[in-house]
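Here the structure comes first, spelled out in structure tokens, and everything after it is commentary.
2 protein chains.
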Amino acid sequence: MDGQISPRSQHILKVLIESYIRDGQPVGSKQLAGGSGLDLSSSTVRNVLADLEARGLVRAPHTSAGRVPTSRGYRVFVDSLLTVQPVTSDNVRQIAQRLAPGASLKQIAATVSSALSGLTSMAGLVMVPGGMPQRLRHIEFLSLSGNQVLVILVINDREVQNLIIETPRRYSEAELTQAANYLNQQFAGQTLSGVRSRLLHELRQAREQMDSLMQSAITMAERVFEPDEVIDKARDCVIAGQTNLMGFDELSDVARLRGLFEAFHQKREVLSLLDRAAYDGQGVRIFIGEESGHDLFSDCSLVTSTYQVDGEVLGLVGIIGPTRMAYDQVIPIVDVTARLVSAALNPADQPL
Amino acid sequence: MDGQISPRSQHILKVLIESYIRDGQPVGSKQLAGGSGLDLSSSTVRNVLADLEARGLVRAPHTSAGRVPTSRGYRVFVDSLLTVQPVTSDNVRQIAQRLAPGASLKQIAATVSSALSGLTSMAGLVMVPGGMPQRLRHIEFLSLSGNQVLVILVINDREVQNLIIETPRRYSEAELTQAANYLNQQFAGQTLSGVRSRLLHELRQAREQMDSLMQSAITMAERVFEPDEVIDKARDCVIAGQTNLMGFDELSDVARLRGLFEAFHQKREVLSLLDRAAYDGQGVRIFIGEESGHDLFSDCSLVTSTYQVDGEVLGLVGIIGPTRMAYDQVIPIVDVTARLVSAALNPADQPL
DNA sequence: TTTGGCACTCTTCATGATAGAGTGCTAGCC
DNA sequence: GGCTAGCACTCTATCATGAAGAGTGCCAAA
Chain A
8 MDGQISPRSQ
18 HILKVLIESY
28 IRDGQPVGSK
38 QLAGGSGLDL
48 SSSTVRNVLA
58 DLEARGLVRA
68 PHTSAGRVPT
78 SRGYRVFVDS
88 LLTVQPVTSD
98 NVRQIAQRLA
108 PGASLKQIAA
118 TVSSALSGLT
128 SMAGLVMVPG
138 GMPQRLRHIE
148 FLSLSGNQVL
158 VILVINDREV
168 QNLIIETPRR
178 YSEAELTQAA
188 NYLNQQFAGQ
198 TLSGVRSRLL
208 HELRQAREQM
218 DSLMQSAITM
228 AERVFEPDEV
238 IDKARDCVIA
248 GQTNLMGFDE
258 LSDVARLRGL
268 FEAFHQKREV
278 LSLLDRAAYD
288 GQGVRIFIGE
298 ESGHDLFSDC
308 SLVTSTYQVD
318 GEVLGLVGII
328 GPTRMAYDQV
338 IPIVDVTARL
348 VSAALNPADQ
358 PL
Chain B
8 MDGQISPRSQ
18 HILKVLIESY
28 IRDGQPVGSK
38 QLAGGSGLDL
48 SSSTVRNVLA
58 DLEARGLVRA
68 PHTSAGRVPT
78 SRGYRVFVDS
88 LLTVQPVTSD
98 NVRQIAQRLA
108 PGASLKQIAA
118 TVSSALSGLT
128 SMAGLVMVPG
138 GMPQRLRHIE
148 FLSLSGNQVL
158 VILVINDREV
168 QNLIIETPRR
178 YSEAELTQAA
188 NYLNQQFAGQ
198 TLSGVRSRLL
208 HELRQAREQM
218 DSLMQSAITM
228 AERVFEPDEV
238 IDKARDCVIA
248 GQTNLMGFDE
258 LSDVARLRGL
268 FEAFHQKREV
278 LSLLDRAAYD
288 GQGVRIFIGE
298 ESGHDLFSDC
308 SLVTSTYQVD
318 GEVLGLVGII
328 GPTRMAYDQV
338 IPIVDVTARL
348 VSAALNPADQ
358 PL
């Protein structure tokens with residue numbers, strides 16, 4: 008039962024899966040004998056199918072309904088049988104066009120995600136990473152009514168974050184400007200976590216020795232750089248085109264869809280899944296059906312690839328759709344997209 | 008056929024609709040005769056029902072299936088028959104808690120929207136208006152790589168917007184700071200459209216007479232205040248809890264849901280609908296079924312109320328759900344929410 | 001004006017028959 | 001040993017049928 012799969016069996020499995028992906032119907036021995044290119048009788052095919060079923064690569068929904076691929080079957084298919092379609096230059100153009108240089112990571116994520124969703128008619132997703140060092144570019148304080156201060160942070164040259172903090176007392180505009188100047192001068196270019204630890208250090212060192220200016224600045228900054236406030240916020244994923252998934256029969260059960268959509272909304276499960284996908288190395292990675300480990304995604308597959316800047320893996324683009332998807336087209340699309348994003352983010356390729 | 012509806016008919020209509028809202032099943036004459044509180048035979052009720060049907064207030068899905076309310080029926084119901092439930096203090100607290108003072112409009116919109124969705128198990132929505140005068144509080148320029156400049160705008164003391172513009176030449180940090188200072192000094196506190204027209208005016212007046220500082224500032228600002236860039240962006244609506252709608256039988260048709268979700272995503276239709284709802288005056292406003300004019304919403308009702316600052320209507324909160332909803336509970340919830348939002352936004356109630 | 005009664009209609013559900021698809025197995029062929 | 005043809009078997013999908021139940025409309029009587 009174990010051992011190598013004969014080339015003929017492989018070929019039959021390939022044709023079966025291609026047919027099933029195309030039509031969504033279980034494939035019978037007769038149809039397979041006719042359309043496989045091999046000159047075999049349906050009876051012979053039946054023997055082969057019985058063998059494939061014993062290996063757990065296909066299964067029969069019921070006694071007389073032909074065979075459909077199992078997750079393991081898909082796995083073998085994408086690992087060793089798949090002949091990927093070259094991606095059309097039209098598709099490349101569509102994605103490249105949308106990658107206007109000089110957008111923020113968030114904006115890029117949004118456009119790329121929706122581009123992927125559009126090209127594949129499934130849900131596109133882009134993870135923007137948390138691990139990336141966040142460098143403070145610029146900080147600005149503005150006094151609001153009351154003791155509230157509006158803080159504007161520019162991080163990594165692109166991302167703008169703003170938050171409102173409550174201060175123990177009211178500060179004048181002049182104080183705020185001075186504090187900002189001090190912080191900009193002192194900490195610009197450093198990572199947020201670095202800024203944070205340095206702040207703590209300075210605080211501990213000598214509170215009394217500081218002049219009032221420094222004190223204001225540091226009191227303020229203390230609040231801004233509380234870890235959860237800013238730092239963790241950056242890690243997120245953007246999902247576009249979820250409604251596309253409503254078009255697939257195998258996902259059209261309302262309850263299932265609801266679960267999926269809520270997972271997308273809360274993003275927790277999705278992120279944990281993406282983390283696993285990002286774990287090792289570059290290139291396209293695929294989760295099929297139950298391989299994801301989450302029941303929710305049991306009828307879904309995930310095709311992802313990483314993008315990087317300066318050789319360092321930053322995040323991840325991909326699509327999520329029904330297990331029965333056109334892998335031969337989706338894989339290269341995801342692959343190319345990841346490369347394009349890498350290129351767009353790499354400063355070397357940008358006009359400096 | 009026309010003319011007044013007798014009190015007895017009204018009462019029967021009321022009981023019918025309440026029953027239908029509760030159970031979702033067509034209501035028959037027998038059930039109605041028993042549970043109406045009136046001492047009538049089913050036969051008499053049948054006569055009344057025939058009358059109500061002739062008036063277009065109820066209809067029979069088929070010959071022997073009891074009656075269900077029509078949109079007109081619901082309309083009569085909410086206009087003159089409805090006895091609203093007092094909103095529980097628990098609900099009030101839930102909303103009030105979430106309204107942390109000093110959040111940006113966008114943040115408020117998001118929390119309120121999701122609070123409404125949670126309380127009603129339907130989709131909550133909040134419109135933040137475009138008509139509101141947008142006053143420039145502060146502007147800041149930061150040079151990025153290339154000829155790109157990151158612009159940070161603080162509007163109305165709360166909203167922070169940032170955009171990246173391409174400039175014809177590269178500016179130094181010093182130039183950018185000076186330009187920002189000039190603009191802040193000159194235009195702070197004015198409306199964006201005001202700033203825009205004044206800029207045009209200055210430009211026309213005398214380009215040669217300006218010193219280079221002013222020129223830089225104005226060239227830059229020219230791009231920032233292009234009408235579509237900033238000004239229209241503020242008008243938006245936030246929808247939360249769309250997945251809740253998947254729980255309702257009458258909306259569980261996947262195709263229909265898909266349409267709805269896509270409308271929510273694109274927001275165009277939703278905004279046009281909300282515009283109509285916001286059109287006149289305060290208080291709770293209700294669109295039932297086809298009254299919305301959009302086919303998509305034909306099985307949905309919209310319950311909205313406005314919130315205001317300084318007596319001026321700013322925007323709109325509400326929920327969207329199936330026509331068959333518990334109006335008696337939803338209406339007061341929306342009403343109270345709108346009041347709470349008004350209160351939270353009114354500077355008078357905030358610590359100054 | 002209300003009520004009781006009755007015939008009628010329509011849906012829903014279970015039942016059973018039928019056709020079609022596909023399999024597994026066995027016997028025969030190269 | 002591998003391939004093929006044939007056949008019995010199983011399972012599904014579909015359709016028609018019939019019975020039960022719910023509710024109406026209308027008529028005649030109180």
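For the record, the sequence lines run as chains A and B.
The working numbering puts the first residue of the first sequence at 8, with every later residue one more than the last.
The working numbering puts the first residue of the second sequence at 8, with every later residue one more than the last.
For each residue, glycine too, the CB sits at the ideal point set by N, CA and C.
Look at Thr344(B) and Cys307(B) and say whether their C-beta atoms are less than 9 Å apart. On the second sequence, residue 344(B) is found 337 positions in, with the first residue counted as 1. On the second sequence, residue 307(B) is found 300 positions in, with the first residue counted as 1. At the C-beta level, Thr344(B) and Cys307(B) stay beyond 9 Å of one another.
With a Cβ-Cβ cutoff of 9 Å, do Ser311(B) and Val320(B) count as a contact? On the second sequence, residue 311(B) is found 304 positions in, with the first residue counted as 1. On the second sequence, residue 320(B) is found 313 positions in, with the first residue counted as 1. Before going further, note that residue 311(B) is Thr rather than Ser in the sequence given. Val320(B) sits away from Thr311(B), with the two beta carbons spaced by 9 Å or more.
How would you list, in chain order, the residues of chain B whose beta-carbon sits under 7 Å from the beta-carbon of Ile159(A)? The residue you call residue 159(A) lines up with position 152 of the first sequence. Ile159(A) reaches chain B at Ile159 and Val167, counting residues in chain order whose Cβ is nearer than 7 Å.
Nonlocal neighbours in the same chain, by C-beta distance under 6 Å from Met129(A), ignoring five residues either side: In the first sequence, residue 129(A) corresponds to position 122, counting from 1. Excluding positions up to five away in sequence, the list reads Asn251, Ile326 and Gly328.
Roughly how many whole angstroms lie between the Cα atoms of Ser111(A) and His272(A)? Looking up residue 111(A) in the first sequence gives position 104. Looking up residue 272(A) in the first sequence gives position 265. Just so you know, the alpha carbons of Ser111(A) and His272(A) end up roughly 22 Å apart.
For Ile24(B) and Gly42(B), the rounded distance between their alpha carbons: Reading the second sequence from its first residue, position 35 is the one you call residue 42(B). Reading the second sequence from its first residue, position 17 is the one you call residue 24(B). Taking the straight line from one Cα to the other gives about 12 Å.
Give me the chain B residues within the contact set of Thr250(A), using Cβ-Cβ distance strictly less than 8 Å, ordered along the chain. For the purposes of this step, residue 250(A) is taken as residue 243 along the first sequence, with counting starting at 1. Those within 8 Å of Thr250(A) in chain B are Arg265, Phe268, Glu269 and His272.
Does DSSP classify Ser26(B) as helix, strand or coil? Counting from 1 along the second sequence, the entry for residue 26(B) is found at position 19. Of the three classes helix, strand and coil, the one that applies to Ser26(B) here is helix, per DSSP.
Can you find the residues in the same chain that come closer than 6 Å, C-beta to C-beta, to Ser117(B), ignoring five residues on each side of it along the sequence? For this step, residue 117(B) is matched to residue 110 along the second sequence. Ser is not the amino acid found at residue 117(B); the sequence shown has Ala there. So the qualifying residues of the chain are Val245.
Would you list the one or two residues that DSSP bridges to Asn169(A)? Your numbering for residue 169(A) matches position 162 in the first sequence. In the DSSP assignment, the residues bridged to Asn169(A) are Ile159(A).
I need the straight-line Cα distance from His18(A) to Thr70(B), nearest angstrom please. As a working mapping, residue 18(A) is identified with position 11 in the first sequence. As a working mapping, residue 70(B) is identified with position 63 in the second sequence. Cα-Cα distance, rounded: 58 Å.
With distance defined between alpha-carbon atoms, name the residue in Gly196(A), Pro175(A) and Ser200(A) nearest to Ala224(A). The sequence position of residue 224(A) within the first sequence is 217, counting from 1. Taking only the C-alpha atoms, the option nearest Ala224(A) is Pro175(A).
Can you name the start and end residues of the alpha helix (DSSP H) that Arg144(A) belongs to? For the purposes of this step, residue 144(A) is taken as residue 137 along the first sequence, with counting starting at 1. Run containing Arg144(A): none in the alpha helix (DSSP H); it sits in the beta strand (DSSP E), Leu143 to Ser150.
Chain B contacts made by the region 120-149 of chain A, where a contact means CB separation under 9 Å: For the region 120-149 of chain A, the beta-carbon criterion of a distance under 9 Å to any beta-carbon of chain B is satisfied by Arg144, His145, Glu147 and Leu149.
Taking the beta carbon of Ala181(B) as the centre, do at least 16 other beta carbons fall within 10 Å, making it buried, or is it exposed? The residue labelled residue 181(B) in the question sits at position 174 within the second sequence. Flag for Ala181(B) reads exposed.
Check for me: the alpha helix (DSSP H) holding Tyr178(B) runs from which residue to which? Here residue 178(B) refers to the residue found at position 171 of the second sequence. Segment: none, Tyr178(B) is in no alpha helix (DSSP H) and carries neither H nor E.
Can you have a look at Pro76(A) and say buried or exposed, based on whether 16 or more other CB atoms are within 10 angstroms of its CB? Numbered from its first residue, the first sequence carries residue 76(A) at position 69. With 16 or more neighbouring CB atoms inside 10 Å of its own CB, Pro76(A) falls in the buried class.
Tell me, please, whether the CB atom of Leu151(B) is closer than 9 Å to any CB atom in chain A? Working through the second sequence from its first residue, we reach residue 151(B) at position 144. The beta carbon of Leu151(B) sits closer than 9 Å to some beta carbon of chain A.
To which residues of the same chain is Gly73(A) closer than 8 Å at the C-beta, ignoring the five residues directly before and after it? Position 66 of the first sequence, counted from the start, is the residue given in the question as residue 73(A). Closer than 8 Å at the Cβ level, and outside the excluded window around Gly73(A), lie Gln32, Pro33, Val34, Gly35, Ser36, Gln38 and Ala67.
Listed in chain order, which residues of the region 290-319 of chain A have Cβ atoms closer than 9 Å to some Cβ of chain B? Residues are counted here when their Cβ sits less than 9 Å from a Cβ of chain B; for the region 290-319 of chain A the count is zero.
Sequence-distant residues of its chain with Cβ nearer than 6 Å to Arg15(A) (five each side left out): Here the question's residue 15(A) lines up with position 8 in the first sequence. Around Arg15(A): no qualifying Cβ.
From this set, Arg346(B), Leu323(B) and Leu352(B), which residue's C-alpha is nearest Val316(B)'s C-alpha? Along the second sequence, read from residue 1 onward, the residue named residue 316(B) stands at position 309. The shortest Cα separation from Val316(B) among Arg346(B), Leu323(B) and Leu352(B) belongs to Leu352(B).
Throw me the rounded Cβ distance for the Ile293(B) and Val85(B) pair, which I believe falls under 8 Å. Numbered from its first residue, the second sequence carries residue 293(B) at position 286. Numbered from its first residue, the second sequence carries residue 85(B) at position 78. That belief holds up - the Cβ atoms of Ile293(B) and Val85(B) are roughly 6 Å apart, short of 8 Å.
Pull out every residue of the region 198-212 of chain A whose Cβ sits closer than 8 Å to any Cβ of chain B, in chain order. Within the region 198-212 of chain A, no residue has a Cβ that lies closer than 8 Å to any Cβ of chain B.
Considering Cα atoms alone, identify which of Ala107(A), Gln185(A), Leu170(A) and Ser150(A) is closest to Gln155(B). For the purposes of this step, residue 155(B) is taken as the residue at position 148 of the second sequence. Comparing alpha carbon positions, the residue from Ala107(A), Gln185(A), Leu170(A) and Ser150(A) closest to Gln155(B) is Ala107(A).
Could you spell out where the alpha helix (DSSP H) holding Pro339(B) opens and where it closes? Against the second sequence, residue 339(B) aligns to sequence position 332. First-last of the alpha helix (DSSP H) with Pro339(B): Tyr334 to Leu352.
Close beta carbons around Asn169(A), own chain, < 6 Å, minus the five adjacent residues each side: Translated into the one-based positions of the first sequence, residue 169(A) becomes position 162. Counting only Cβ-Cβ distances below 6 Å, and skipping sequence neighbours, we find Ile159.
Check the C-beta distance from Glu147(A) over to Glu147(B) and give it rounded, since I have them as a contact under 8 Å. Residue mapping note: residue 147(A) aligns to position 140 of the first sequence, counting from 1. Residue mapping note: residue 147(B) aligns to position 140 of the second sequence, counting from 1. Right, the Cβ-Cβ distance comes to about 6 Å (below 8 Å), so this counts as a contact.
Does the beta carbon of Met2(A) sit closer than 9 Å to a beta carbon anywhere in chain B? Beyond the ends of chain A as shown, which are 8 and 359, falls residue 2(A); an answer cannot be given.
Return the chain-ordered list of same chain residues with a C-beta closer than 7 Å to the C-beta of Arg230(B), the five sequence neighbours on each side being excluded. Position 223 of the second sequence, counting from 1, holds the residue named residue 230(B). Residues of the same chain with a CB within less than 7 Å of the CB of Arg230(B), apart from the 5 flanking positions on each side, are Ile172 in chain order.
Which bits of chain A does Val231(B) rub up against, with CB to CB less than 7 Å? Here the question's residue 231(B) lines up with position 224 in the second sequence. Within chain A, no residue comes near Val231(B); the closest Cβ sits about 14 Å away, beyond 7 Å.
Through-space distance from Ser50(B) to Asp30(B), alpha-carbon basis: Residue 30(B) sits at position 23 when you count from the first residue of the second sequence. Residue 50(B) sits at position 43 when you count from the first residue of the second sequence. When rounded, the distance between both Cα atoms is 23 Å.
I'd like the ranges of any alpha helix (DSSP H) spanning at least 4 consecutive residues and lying wholly in the region 52-138 of chain B. Qualifying alpha helix (DSSP H) stretches, in chain order: 78-83, 96-105 and 112-127.
Going by the beta-carbon positions, is the gap between Arg275(A) and Val135(A) smaller than 9 Å? Residue numbering aside, residue 275(A) sits at position 268 when the first sequence is read from its first letter. Residue numbering aside, residue 135(A) sits at position 128 when the first sequence is read from its first letter. Taking 9 Å as the Cβ cut-off, Arg275(A) and Val135(A) do not qualify as a contacting pair.
For Gly41(A), the first and last residue of its enclosing alpha helix (DSSP H): As a position in the first sequence, residue 41(A) is number 34, starting the count at 1. For Gly41(A), the enclosing alpha helix (DSSP H) starts and ends at Ser36 to Gly42.
On the criterion of 16 or more Cβ atoms from any shown chain inside 10 Å, does Gly248(B) qualify as buried, or is it exposed? For the purposes of this step, residue 248(B) is taken as the residue at position 241 of the second sequence. Buried, because 16 or more other Cβ atoms sit within 10 Å of the Cβ of Gly248(B).
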